[in-house]
Amino acid sequence: MGAQVPPADLIFLAATSENHFEEMQGMISDLHQVVFPWLKENTSYSYRLIVYDLGLQNTSAKSLQTKCQCDVLQFPFSSLPEVFGQLKTFQWKPVIIKAHVSRCKLLIYADSCVRYHVSGFQHVLQRALARGLLILHNSFMLPAHVMPPMLTYFRVDPCLLGPFYEFAGGFIMVKNEALVINKILDFWLACAFAPDCIYPGDNWKSLRYCHTTTGYSKCHRFDQAAIGIILVSLFDRKSSSFVEAIGHVKFLRGDKVQYFPDS
1489 MGAQVPPADL IFLAATSENH FEEMQGMISD LHQVVFPWLK ENTSYSYRLI
1539 VYDLGLQNTS AKSLQTKCQC DVLQFPFSSL PEVFGQLKTF QWKPVIIKAH
1589 VSRCKLLIYA DSCVRYHVSG FQHVLQRALA RGLLILHNSF MLPAHVMPPM
1639 LTYFRVDPCL LGPFYEFAGG FIMVKNEALV INKILDFWLA CAFAPDCIYP
1689 GDNWKSLRYC HTTTGYSKCH RFDQAAIGII LVSLFDRKSS SFVEAIGHVK
1739 FLRGDKVQYF PDS
């Protein structure tokens, strides 16, 4: 997968299905009009934008190919276990990140709803390159959103996760270095392929939403639960050194933008 695209210093990585196509146009608009001009003027980094097609209709796929000024790749569903087709369990995310991180100095993954600010962006780039990984967190406690099979897979007691906030999965910056790849991404990817880890079982739809934020294992956060356990298990309280305050990006879920003409 990664070899399909030439290397660059910075790889901006995204993926979209039909129901998020207009959200994705908003993110691409920010990259074209804000981030990429800033990079050209203020840095010497080369960069590429890669967007994975997770199931676009033909007209949307054609529009993306012709107007996004990016590399559009098909996610290889037919080569992977059938459960990868359940897009909302997010097993595809570690796959595409791992596929491309070795082709750049720094990979920047963002969900379709991410909108960029350039204020402080240089600081964020420098910090990600220094730390190896940069991620956001939210206000929920980590063990509330992890199902028991994932805890069993990682051999971790939920009580040990109690002091930690959940990491967010919508924006992550990953440096191409051995520690990050071998000790974080490889374990994240293995969880994506393992039974009852990121994919918690056939009842996954009933586990997506929490009706309460207190207690353990109230719902499942799929990919972000997994990377949270990995970071806390490896780094304990020092895992907070990978957390960046939200400021360089914001999340506008449901923000539909008609950036591509006639899309």
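If you count the sequence shown from 1, position 170 lands on 1658 in my numbering, and the numbers rise without skipping. Every residue gets a Cβ at the ideal spot worked out from N, C-alpha and C, and that includes glycine.
Query, Result
"Just to check my reading of the structure: alanine 1432 and phenylalanine 1655 have Cβ atoms closer than 8 Å, yes? What is that Cβ distance to the nearest angstrom?", "As shown, the chain starts at 1489 and ends at 1751. That puts residue 1432 outside it, with no answer to give."
"Which class does isoleucine 1672 belong to by DSSP, given the choice of helix, strand or coil?", "helix"
"What distance in whole Å lies between the Cβ atoms of arginine 1536 and valine 1493, which are believed to be in contact at a cut-off of 8 Å?", "6 Å"
"Taking the CB atoms as reference points, tell me whether tyrosine 1747 and glycine 1490 lie closer together than 8 Å.", "no"
"Per DSSP, glutamine 1521 forms a beta bridge with which residues?", "None; glutamine 1521 has no bridge partner."
"DSSP on isoleucine 1686, reduced to helix/strand/coil?", "coil"
"Which first and last residues belong to the beta strand (DSSP E) in which serine 1705 is found?", "First-last for serine 1705: undefined, no H or E at that position."
"Looking at aspartate 1595: is its Cβ nearer than 8 Å to the Cβ of isoleucine 1499?", "A small fix is needed here, since residue 1595 is leucine in this sequence, not aspartate. Yes; because the gap between Cβ atoms is below 8 Å, this pair is in contact."
"Is the number of C-beta pairs between the stretch 1664 to 1680 and the stretch 1711 to 1718 that are closer than 8 Å three or more?", "yes"
"Starting from the C-beta of alanine 1713, find all residues in its chain whose C-beta is less than 7 Å away, skip the five residues before and the five after it, and write them out in chain order.", "His1633, Val1634, Met1638"
"Once DSSP output is grouped into helix, strand and coil, what is the label at leucine 1595?", "strand"
"Could you tell me which residues DSSP pairs with isoleucine 1660 in its beta bridges?", "Tyr1597, Ile1623"
"Just how far apart, CA to CA, sit valine 1644 and proline 1636?", "10 Å"
"Per the contact definition of three or more C-beta pairs closer than 8 Å, is the stretch 1659 to 1674 in contact with the stretch 1687 to 1695?", "no"
"In the DSSP assignment, the beta strand (DSSP E) including lysine 1586 goes from what residue to what residue?", "Careful: lysine 1586 lies outside any beta strand (DSSP E), inside the alpha helix (DSSP H) at 1580 to 1589."
"Output the distance between the C-alpha atoms of leucine 1544 and aspartate 1674, rounded to the nearest integer angstrom.", "28 Å"
"Pick from Phe1524, Asp1518, Phe1509, Ile1516: whose alpha carbon is nearest that of aspartate 1497?", "Phe1524"
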